[in-house]
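In terms of our numbering, the sequence shown has 338 at position 338, counting the first letter as 1, and numbering is strictly consecutive. Working notes, beginning with the structure itself.
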Amino acid sequence: MVTQVERGALEFIGSDDDRRLAEQMVALMSAHGRFMSADAAIRVSVASIASFLGRDEPSLTSDRIRAVAELNPAVFAVEFVNEEPILISTRGGRAPGAVADGSRHSFAKRFLTPLPKPEAPAQPARERARVDPSWATLPATLVGFDEEDLDADEQPIEPVVIEAPVPTADVAAEDETAVATDGTTEAQIEEPQPEEQPETPLARTITVPAVSTPDVTGVDDRELAAAIRERLRADVRLANFGEQWMAEDRVPRFSRGDLRRMKEYIQEQEQPLTDDLLAQDVLSVRPNSPDFDLMRFAVNFRLSREHRDFDFVGTANQRFWSTNGLPQIGTTRRKPNEIGTDYRFLLEELAEEPEYRSVNSVDHVLSFYEYHHGLLPYDADLQRILPAPMLPEQRSAVLTFETPQSYTTYLVELRYPTPNRGGFILGLDDFYTENLVPGALLSLTRTDNDGHYIAEYLAAGNQSARLLELDERRAQRYVFRPTTYGCAVADEMLLTEERFPRLASEKPLDEKSRRRPETVVALTFERIGDQTDSPGLSATFDGLLAAVNIERPFTPRLLRSVLDNDETGAFARDSDKTDAYTYVPGSSS
């Protein structure tokens, strides 16, 4: 007889032996899948169950286990894999798929099935405001201007005239006052006859004043552009740096910590740095980032507002930033202010409206003064190849000079002229010392980058000569030393011992003597001049030009002016020699 026994939440069907075996089978499968979820299918082969339970009951076979499983379909299920029977159940003692609908709790179903969208509350229909068609009438009637009172050039632009809608009879009746102007009441006002049409009142006329537009056809384009820039720079809503403009509220802002880190990084490198390096190394913005250009603009714009800590020393294509306390670029033998004073005479040669970067290359012959201090003068020739100051108050610009013959790029500083000091380029000391001598021919070529230039010299075979040098170690005296060089030179500017033997052991002039060009020329005559038959000394113009540039910078124009315009009569032309001058010691005051 088949009976049904309930064990806890499980119900087994069969004889007592069948129910006992079914409980052992469930316990065995639950132990096998003890780390599985309660409703996960546990699969165990019938043969392995028979082998395990057969240790206590040797007569147990796989057929008996299948028979007990078939008696309890709610607990067990049987499937075949490669003709081998597999028993399936769960830790909860339920055959897979036997769970009633609605009692299953599925994680995937709960989180992957979207909730239905809530229905939006019905919005009441809004009635659109309608405009009377009569207000769209724009007759071309000119009202409010007397053309005879205006000049021909001051005729106003035709104003817009808008006619008000004509009120109907019903509206006119509602707008009538309760008491008429003659004292009669509303009851005493006689109603118009139906057959009589009311008189149409005149339409109101609204005159819009005309706005005159200035005529700029006769204004120069550069002046107009300058006026527009000045007007835009006064608008605090706009951020500007050079020719770049942007809404100020869209420019990233920097904290005081960001500004301090940029300043400290420049000081650690001991030289001015570009906006590219500051954005990459300090702000950690990669060049291929879509925000890189924006961050560079932010660096330039924000640092331009920090006048106390940062100084812009770049160009439009190569934007360098400097800060206080950096080592000076170039020579330390003479202060930059003193060099600017030496070149003050060049201010007269510079163009009032220069055409910057209008030539491709410039050739220059090095003088002893330029070689000794590692500089180039900012004369009219260099003004036409170098860039203009990018900012109105910019005093200097850091440039890069590439020298292909020595495979080196030098960082140089261009000092722009001021009202009382001339301009010059510093930072070529090492290049001159390693490759050139006074009198060398130097060529400077511009590139597409307004901050990068190519510096080359005319190469020649190796030559040897005893050239003038300043011995700074022993008593500050000029000496001649054997020198080998491989550059082409202008012979008239070469200071050799054969041409100027008396310069040996001479001391540099004191600051008071070298301050006046006339005094320098007179003392140079005494150093290199030849004694003439009459009292006086004679020297050629080329020899004087090379020798006066030992103490201070001279151009041929300045030297001619000193020699030809001397009011004391100390200098005069030597009629016995070609392009030579004489000097009588003691004649100049």
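Think of the CB as a built atom: it goes at the ideal place given N, C-alpha and C, for glycine as much as any other residue.
To the nearest angstrom, how far is it from the Cα of GLN394 to the Cα of ASP309? Taking the sequence shown and counting its residues from 1, the one referred to as residue 394 is at position 394. Taking the sequence shown and counting its residues from 1, the one referred to as residue 309 is at position 309. Their Cα atoms are separated by approximately 15 Å.
Helix, strand or coil at GLY543 [DSSP, three-state]: For the purposes of this step, residue 543 is taken as residue 543 along the sequence shown, with counting starting at 1. If DSSP states are grouped into helix, strand and coil, GLY543 belongs with the helices.
So, are the CB atoms of MET36 and SER89 less than 8 Å apart? Counted from its first residue, the sequence shown places residue 36 at position 36. Counted from its first residue, the sequence shown places residue 89 at position 89. Not in contact: MET36 and SER89 (Cβ atoms no closer than 8 Å).
Pick from SER304, GLY374 and LEU558 that is closest to LEU366, judged by C-alpha positions: Here residue 366 refers to the residue found at position 366 when the sequence shown is read from its first residue. When each option's Cα is compared against that of LEU366, the closest is GLY374.
Considering only DSSP beta bridges, list what ALA455 is partnered with. Mapped onto the sequence shown, residue 455 falls at position 455. ALA455 is bridged to LEU444.
So, with DSSP's three-state summary, where would you put ASN288? Within the sequence shown, residue 288 is the residue found at index 288, counting from 1. Looking at ASN288 - three-state DSSP - the assignment turns out to be coil, as it is neither helix nor strand.
Across which residues does DSSP place ILE42 in a beta bridge pair? On the sequence shown, position 42 is the one that residue 42 refers to. Per DSSP, the beta bridge partners of ILE42 are SER89.
Report the rounded CA-to-CA distance for LEU224 versus ARG231, giving the unit in angstroms. Walking along the sequence shown from the start, residue 224 turns up at place 224. Walking along the sequence shown from the start, residue 231 turns up at place 231. C-alpha of LEU224 to C-alpha of ARG231: approximately 11 Å in a straight line.
So, ARG286 versus ASN300, is the Cβ gap smaller than 8 Å? Residue mapping note: residue 286 aligns to position 286 of the sequence shown, counting from 1. Residue mapping note: residue 300 aligns to position 300 of the sequence shown, counting from 1. In this structure, the beta-carbon distance from ARG286 to ASN300 does not fall below 8 Å.
Where does SER505 sit, in a helix, a strand or coil, going by DSSP? As a first step, residue 505 must be located in the sequence shown, where it is residue number 505. It is coil, neither helix nor strand.
Out of GLU349, LEU503, ASP533 and ASP510, which has the shortest C-alpha to C-alpha gap to PHE525? Within the sequence shown, residue 525 is the residue found at index 525, counting from 1. Answer by Cα proximity: LEU503.
Within 8 Å, strictly: CB atoms of VAL548 and VAL489: By 1-based counting over the sequence shown, the position of residue 548 is 548. By 1-based counting over the sequence shown, the position of residue 489 is 489. No, Cβ-Cβ distance for VAL548 and VAL489 is not below 8 Å.
Are the CB atoms of ASN82 and ALA22 nearer to each other than 8 Å? For the purposes of this step, residue 82 is taken as residue 82 along the sequence shown, with counting starting at 1. For the purposes of this step, residue 22 is taken as residue 22 along the sequence shown, with counting starting at 1. No. Outside cutoff.
If we call anything under 8 Å between Cβ atoms a contact, is ARG296 one with ASP281? As a first step, residue 296 is located in the sequence shown; it is residue number 296 there, counting from the start. As a first step, residue 281 is located in the sequence shown; it is residue number 281 there, counting from the start. No, they are not a contact pair.
Exposed or buried, which one is THR315 when buried takes at least 16 other CB atoms within 10 Å? Counting from one through the sequence shown, the residue named residue 315 turns up at place 315. The residue is buried, with at least 16 neighbouring Cβ atoms inside 10 Å.
Does DSSP put PRO96 in a helix, in a strand, or in coil? For the purposes of this step, residue 96 is taken as the residue at position 96 of the sequence shown. Here PRO96 sits in coil by DSSP.
Inside the region 223 to 278 only - beta strand (DSSP E) runs reaching at least 3 residues: 238 to 241 and 244 to 247
Quick one: what's got a C-beta closer than 7 Å to LEU411's C-beta in the same chain, skipping five residues either side? Walking along the sequence shown from the start, residue 411 turns up at place 411. So the qualifying residues of the chain are GLN271, ILE329, VAL398, THR400 and GLY427.
Would you kindly work out how many angstroms separate the C-alpha atoms of ILE42 and LEU115, rounded to a whole number? As a first step, residue 42 is located in the sequence shown; it is residue number 42 there, counting from the start. As a first step, residue 115 is located in the sequence shown; it is residue number 115 there, counting from the start. The straight-line gap separating the alpha-carbon atoms of ILE42 and LEU115 is approximately 33 Å.
Inter-residue spacing [alpha-carbon to alpha-carbon] between GLY615 and TYR356: Beyond the ends of the chain as shown, which are 1 and 589, falls residue 615; an answer cannot be given.
Close Cβ partners of GLU506 (< 8 Å) along its chain, the five nearest in sequence each way excluded: Position 506 of the sequence shown, counting from 1, holds the residue named residue 506. ARG477, TYR478 and ARG527.
Looking at the unbroken beta strand (DSSP E) that takes in ALA74, where does it start and where does it end? Against the sequence shown, residue 74 aligns to sequence position 74. Neither: ALA74 is in no beta strand (DSSP E) and is coded neither H nor E.
Mapping DSSP to helix, strand and coil, what is ASP363? Here residue 363 corresponds to residue number 363 of the sequence shown, with the count starting at 1. The answer is strand: DSSP assigns ASP363 an E or B state.
Are TYR453 and ASN435 closer than 8 Å when you measure CB to CB? Taking the sequence shown and counting its residues from 1, one reaches residue 453 at position 453. Taking the sequence shown and counting its residues from 1, one reaches residue 435 at position 435. Not in contact: TYR453 and ASN435 (Cβ atoms no closer than 8 Å).
Kindly indicate which three-state DSSP category PHE500 falls into: helix, strand or coil? Residue 500 sits at position 500 when you count from the first residue of the sequence shown. The answer is coil: DSSP assigns PHE500 none of H, G, I, E or B.
Looking at C-alpha atoms only, which residue of THR418, ALA459, ALA67 and THR409 is the closest neighbour of PHE345? For the purposes of this step, residue 345 is taken as residue 345 along the sequence shown, with counting starting at 1. Checking every option, the nearest Cα to that of PHE345 belongs to THR418.
Give a yes or no on contact between the region 335 to 355 and the region 457 to 469, applying the rule of three or more CB pairs nearer than 8 Å. no
What is the DSSP secondary structure of ALA351, counted as helix, strand or coil? As a working mapping, residue 351 is identified with position 351 in the sequence shown. Three-state DSSP puts ALA351 in coil, outside helix and strand.
For PRO214, the three-state DSSP class (helix, strand or coil): Residue numbering aside, residue 214 sits at position 214 when the sequence shown is read from its first letter. Of the three classes helix, strand and coil, the one that applies to PRO214 here is coil, per DSSP.
What do you get for VAL362, buried or exposed, if any count of 16 or more other CB atoms within 10 angstroms of its CB means buried? By 1-based counting over the sequence shown, the position of residue 362 is 362. VAL362 is buried by the Cβ-count criterion.
Straight-line gap, ARG19 to ALA40 (C-alpha atoms, nearest Å): Mapped onto the sequence shown, residue 19 falls at position 19. Mapped onto the sequence shown, residue 40 falls at position 40. Going from the Cα of ARG19 to the Cα of ALA40 covers about 23 Å.
Taking only the alpha-carbon atoms, compute the straight-line gap between ALA27 and GLU79 and give it to the nearest angstrom. As a first step, residue 27 must be located in the sequence shown, where it is residue number 27. As a first step, residue 79 must be located in the sequence shown, where it is residue number 79. Straight-line Cα distance between these residues: approximately 20 Å.
Less than 8 Å between the C-beta atoms of VAL520 and ARG514, yes or no? Position 520 of the sequence shown, counting from 1, holds the residue named residue 520. Position 514 of the sequence shown, counting from 1, holds the residue named residue 514. In this structure, ARG514 lies closer than 8 Å to VAL520 by Cβ.
Using a threshold of 8 Å, state whether the C-beta atoms of ILE593 and SER45 are closer than that. The question about residue 593 has no answer, for the chain in this structure spans 1 to 589.
Check whether the Cβ atoms of PRO252 and LEU303 lie closer than 8 Å to each other. For the purposes of this step, residue 252 is taken as residue 252 along the sequence shown, with counting starting at 1. For the purposes of this step, residue 303 is taken as residue 303 along the sequence shown, with counting starting at 1. Their beta carbons are not under 8 Å apart, which means PRO252 does not touch LEU303 by this criterion.
Own chain, CB closer than 6 Å to LEU376, minus 5 neighbours either side, in chain order: Reading the sequence shown from its first residue, position 376 is the one you call residue 376. Answer for LEU376: ILE425, listed in chain order.
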